[in-house]
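To start, the structure under review is shown below, and the notes come after it.
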C-alpha cells in the first residue's frame with residue numbers, strides 16, 4: 147500500500163513520497179505547495195514567498211485511468 151490515514155483520520159497520506167525543499171521548486175509552474183499552516187494547494191511559486199514550506203510535482207494520470215467522468219456516472 148502506498149498510503150495510510152493521518153493520525154486524526156481526516157486525510158490520506160503517502161507512505162512513499164515526501165514534500166521537496168522549496169529551493170528545488172520550479173518557478174511559475176503548477177505544483178502542489180504546502181503552506182505554513184499545513185494545508186496543501188495547487189499553485190505556482192514566485193520564487194520569493196516564504197509562506198510555502200515544501201512542494202511536490204503533480205501526479206500523472208495512469209495509462210489505464212478511469213474513463214471520462216471517472217466512471218462515476220449516475221445510471
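Numbering (my numbering), first residue to last: 147 to 221. Glycine residues also receive a C-beta, built at the ideal position from the N, C-alpha and C atoms. Since this is a predicted model, take the numbers as computed values, not measurements.
| Item | Value |
| --- | --- |
| Contacting residues, own chain, Cβ-Cβ under 6 Å from residue 174 (five flanking each side not counted) | 190 |
| Exposure of residue 204, with buried meaning 16 or more beta-carbon neighbours within 10 Å | exposed |
| Per DSSP, the bridge partner or partners of residue 209 | Answer by DSSP bridge pairing: none, since residue 209 is not bridged. |
| Length of the line joining the Cα atoms of residue 182 and residue 149 | 23 Å |
| Neighbourhood of residue 177 by C-beta distance below 8 Å, restricted to the same chain and skipping five residues each side | 171, 188, 189, 190, 191, 201, 202, 203, 204 |
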